[in-house]
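Here the sequence shown stands for residues 24 to 533, numbered as in our numbering.
Worksheet: one structure, shown below.
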Amino acid sequence: MLPKSGVIRLLCFFYLLLSVHSNEQEEVVNRSMFPDDFIFGVATSAYQIEGAYLEDGKSENNWDVFTHGPGNIESGDNGDVADDHYHRYMEDIENLEFLGVNAYRFSISWSRILPQGRFGAVNPSGVMFYNKIIDNLLLKGVEPFVTIHHNDMPQVLEEKYEAWLSPQIQEDFVLFAKTCFENFGDRVKKWATINEPNIHAEFGYMRGEFPPQRCSLPFGNCSLGNSDLEPLIVAHNMLISHAKVVQLYRQKFQPTQGGIIGIVLHAFHYEPYTDDKFGHQAVERAYTFYIAWILDPLIYGDYPPLMHEILGKNLPSFGEDEVELVKGSVDFLGINHYTSFYAIDCLHSTDCLPTENRAIRGFAGRTIARDGVPIGDEMGVFGFHVVPYGMEKLLNYVSRRYPNTSIYITENGYCPPSYLQESEMLHDFNRIKYYQTYLASVVQAMRKGAKVKGYFAWSLMDNYEWLQGYNITFGLYHVDRKTLTRTPKLSAKWYEGFIANRETTNISSF
Ligand code: NOJ
């Protein structure tokens with residue numbers, strides 16, 4: 024007779040097999056459905072995994088200060104130790120080797136490299152740390168894919184001139200990027216300038232939930248800020264900073280180093296809440312005010328016409344030189360995609376919250392259910408649901424609006440809701456199913472012409488998830504919070520088999 028755990032595994036196996044076959048995606052996805060040169064990777068970011076928060080010359084960054092503020096993080100967690108990747112990076116690189124990934128996306132901690140920004144010197148220990156990472160990745164045949172800025176920045180920039188609110192940030196960001204190109208560009212050939220400028224603007228300056236906690240009513244009760252204006256200013260400074268870095272890279276580094284450079288955006292897909300003209304217009308506005316807001320300037324040189332129409336003079340403008348600077352300033356688009364929402368038309372519906380019935384939101388609300396039915400199975404992050412077809416529709420939108428632009432899925436992943444966390448801790452069938460169905464959706468989009476060049480699973484390992492601390496687990500590897508021991512989940516074994524193009528529906532062979 025099979026032991027109890029064997030029975031459970033067998034049941035899960037049949038469940039997985041059935042669910043994959045009965046899903047809206049008809050084919051079972053496998054590696055050979057992607058081109059040979061397609062990149063499969065995993066992603067992390069510095070603050071979420073490194074720890075070592077004041078070691079070897081690193082200064083305090085905005086997230087160090089914020090997480091140490093009483094009551095800011097409900098669980099009281101912070102990234103002081105995180106996954107202690109700073110000391111355990113060799114083990115993590117071995118895990119990358121086990122997975123057989125082609126590339127590893129990670130970010131550089133700004134405050135480790137330039138602890139005082141442009142007001143101080145480069146920290147050689149910081150540079151050395153990333154050199155060790157890059158060299159060891161290359162030794163294992165894993166390509167480094169580097170995000171220059173992923174949320175964390177030296178606190179001193181916030182204190183000196185309010186960081187992204189000021190055009191002064193451009194000089195600092197260019198120096199940071201230049202330092203990265205000079206020190207790592209001989210080996211790093213794929214660069215993303217900024218991770219999720221749209222999320223940063225929304226959470227830091229509209230909702231006031233991320234540092235520097237700026238907002239105004241009705242979005243939140245912050246001591247400083249203006250939720251209707253500041254997100255626009257911050258995004259504007261991020262766009263110009265990005266473009267200046269790309270200009271520098273193209274003029275001074277790309278000709279000899281030969282890499283590519285892009286930006287990473289957070290992207291939801293939106294379904295219409297009502298299947299009428301207004302519902303579809305709400306979808307268009309939701310997409311425009313979240314995605315085209317950032318991408319239109321980088322491809323076409325200006326904000327979308329719909330944003331001009333709705334925001335009028337509140338929308339910052341690009342001077343003539345700036346139009347030339349930002350236009351075409353990406354070699355690729357990075358897309359972080361996890362979930363989908365229904366978009367509600369706030370111009371005609373009374374179902375919207377006061378925070379959604381605003382010009383800065385494009386008068387489009389987000390909701391998770393229609394007629395009482397949730398859009399998909401619940402995930403651990405509040406509001407996130409499993410909606411595989413959303414990936415294809417999102418990629419279709421991006422490809423239609425920005426044809427001929429290469430796309431990397433720079434993040435995609437699953438975290439279980441709290442009631443599944445224990446049962447799914449190592450035997451994470453839902454995560455495997457998520458990856459299978461979302462990857463199948465990527466295939467569908469590629470067949471329709473989306474130029475997707477790579478896919479990064481979020482995340483290599485459980486890590487520090489911003490406002491939710493360690494309660495949210497996205498990893499392919501489980502990290503024990505007390506011992507920091509890494510253990511591969513079933514999904515890690517599945518991903519390894521998938522990348523190696525082995526039969527992966529039969530989990531009993533893992
Ligand atoms: C996107 C962010 O880039 C990453 O830092 C975060 O952990 C994931 N979303 C999951 O929420």
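Each residue gets a CB set at the ideal place from its N, CA and C atoms; glycine is no exception.
Could you check whether D251 and I333 sit closer than 8 angstroms to each other, using their CB atoms as the reference points? no
Go ahead and label R1 buried or exposed: buried means 16 or more other beta carbons lie within 10 angstroms of its beta carbon, across all protein chains shown.
The requested residue 1 is not part of the displayed model; the chain covers only 24 to 533.
Item to check | 4-residue-minimum alpha helix (DSSP H) runs that sit fully inside the stretch 202-272, ordered along the chain | outcome: 220-228 and 253-271
Check: For I322 versus T428, is the C-beta spacing smaller than 8 angstroms?
Finding: yes
Query raised in the report: Counting pairs of beta carbons, one from the stretch 212-221 and one from the stretch 279-297, are three or more of them closer than 8 angstroms?
Result: yes
*Taking only heavy atoms of ligand 1 into account, decide whether any of them is closer than 7 angstroms to the Cβ of F121.*
no
Own chain partners of P320 with C-beta closer than 8 angstroms, once the 5 adjacent residues on each side are dropped
L262, Y326, F341, V349 and K350
ask   = Near G74, what residues of its chain come up, given a Cβ to Cβ distance below 8 angstroms and the 5 sequence neighbours on each side ignored?
value = G102, D103, V104, A105, D106, D107, H108, Y109 and H110
Beta-carbon separation of P177 and G140 under 8 angstroms?
yes
Between E488 and ligand 1, is there a pair consisting of the residue's CB and a ligand heavy atom that are separated by less than 7 angstroms?
yes
### Residue of N95, G123 and A144 minimising C-alpha distance to W489
N95
For ligand 1, I want to know if S359 counts as a neighbour, meaning its beta carbon is within less than 7 angstroms of at least one of the ligand's heavy atoms.
Correcting the residue identity first, residue 359 is Asn in this sequence and not Ser. Yes, the beta carbon of N359 sits closer than 7 angstroms to at least one heavy atom of ligand 1.
Quick check: the stretch 165-175 against the stretch 142-149, are at least 3 beta-carbon pairs closer than 8 angstroms?
no
Exercise for review: Please indicate yes or no: does the CB of F497 lie closer than 7 angstroms to some heavy atom of ligand 1?
Suggested key: yes
Using three-state DSSP, classify K350 as helix, strand or coil. coil
- Query: Mapping DSSP to helix, strand and coil, what is V145?
  - Reply: coil
Residue nearest to L162 in terms of C-alpha spacing, selected from E415, I192, A468 and N125:
N125
How big is the Cα-Cα spacing for I156 and S68? 13 angstroms
- request: Could you round the C-beta distance between V410 and Y457 to whole angstroms and report it? I think they count as a contact, below 8 angstroms.
  value: Incorrect: roughly 10 angstroms between the Cβ atoms, too far for contact.
* With a threshold of 7 angstroms, establish whether the CB of Q236 neighbours any heavy atom of ligand 1. => no
| request: With a threshold of 16 other CB atoms inside 10 Å of the CB of F129, please say whether the residue is buried or exposed. | output: buried
Exercise for the section: Give me the Cα-Cα distance between D298 and I367, rounded to the nearest whole angstrom. Expected result: 10 angstroms
Residues near G302 by beta carbon distance below 7 angstroms, same chain, minus five either side = P295, Y296 and D368
### Query
Excluding sequence positions up to five away, which residues of its chain have a Cβ less than 6 angstroms from the Cβ of G403?
C438, P439, P440 and I495
For P167, the first and last residue of its enclosing beta strand (DSSP E)
E166 to H172
Comparing alpha-carbon positions, which option in E519, P235, N486 and F233 lies nearest D503?
-> N486
Does the Cβ-Cβ distance between R308 and A387 come in under 8 angstroms? yes
Residues of its chain near P397, where Cβ-Cβ distance is below 7 angstroms and the 5 sequence neighbours each way are ignored:
I391 and H408
- Item | 6 angstroms CB neighbourhood of G413 in its chain, flanking five on each side removed | H292 and S363
| request: Could you have a look at H5 and say whether DSSP puts it in helix, strand or coil? | output: Residue 5 lies beyond the residue range present for the chain, which begins at 24 and ends at 533; the question has no answer from this structure.
Check your understanding: Who are the near neighbours of D87 in its chain, counting only those whose CB is closer than 6 angstroms to its CB and skipping five residues on each side?
Key -> Y76
Q. Where does H44 sit, in a helix, a strand or coil, going by DSSP?
A. Only weak support is given to the placement of H44: the predicted model assigns it a pLDDT of 42, under 50, and the value that follows is read from those uncertain coordinates. Reduced to three states, the DSSP call for H44 is helix.
Q. Under a Cβ-count criterion, where at least 16 other Cβ atoms within 10 Å of its own Cβ denotes burial, should R273 be classed as buried or exposed?
A. exposed
query: C375 to V306, Cα distance in whole Å?
result: 14 angstroms
Inset, instruction - Return the CA-CA distance between S19 and G80, expressed in angstroms with no decimal places. - result: As displayed, the chain neither begins before 24 nor continues past 533, which places residue 19 out of reach and without an answer.
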